[in-house]
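In terms of full-length UniProt numbering, the sequence shown has 28 at position 28, counting the first letter as 1, and numbering is strictly consecutive. Ideal Cβ placement from N, Cα and C applies to all residues, glycine included. As the structure is a computational prediction, the values presented were derived from the model and not from experiment. Worksheet: the structure to be examined is printed underneath.
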Amino acid sequence: MTRTLHELTAETEFWECHQTKGDGKTCFKINETEDKVCMACKARRDKGDKALDKDGLEIGAEEN
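Pasting the structure below:
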């Protein structure tokens, strides 16, 4: 299960956009933490986007 964070943590290096683009498809662009807007689809970072660590792994996801 993934935890939901409203603020970025120190371990957050990147975020993956999961916003719906105009064509109805979901964007999966990985962006730098400093970017508040996705470089691919221009959507603002928001609910549904995933925080990633320095290795590109999802923060808060359980390991199997």
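Give the C-beta separation of residue i and residue j to the nearest angstrom, bearing in mind that I take them to be a contact with Cβ-Cβ under 8 Å.
i: residue 46; j: residue 15; result: In fact, because the Cβ distance is near 10 Å, the residues do not count as touching under 8 Å.
i: residue 12; j: residue 20; result: No, residue 12 and residue 20 are not in contact; Cβ-Cβ is about 23 Å, not under 8 Å.
i: residue 51; j: residue 17; result: Contact doesn't hold; Cβ gap of about 12 Å is too wide.
Under three-state DSSP, which class holds residue i?
i: residue 20; result: strand
i: residue 1; result: With a pLDDT of only 47 at residue 1, under 50, the local geometry of the prediction cannot be trusted, and no value is derived from it.
i: residue 54; result: coil
i: residue 66; result: Residue 66 lies beyond the stretch modelled for the chain, which goes from 1 to 64, so this question has no answer here.
Report the residue from the options whose alpha carbon sits nearest the alpha carbon of residue i.
i: residue 54; options: 39, 36, 37, 30; result: 30
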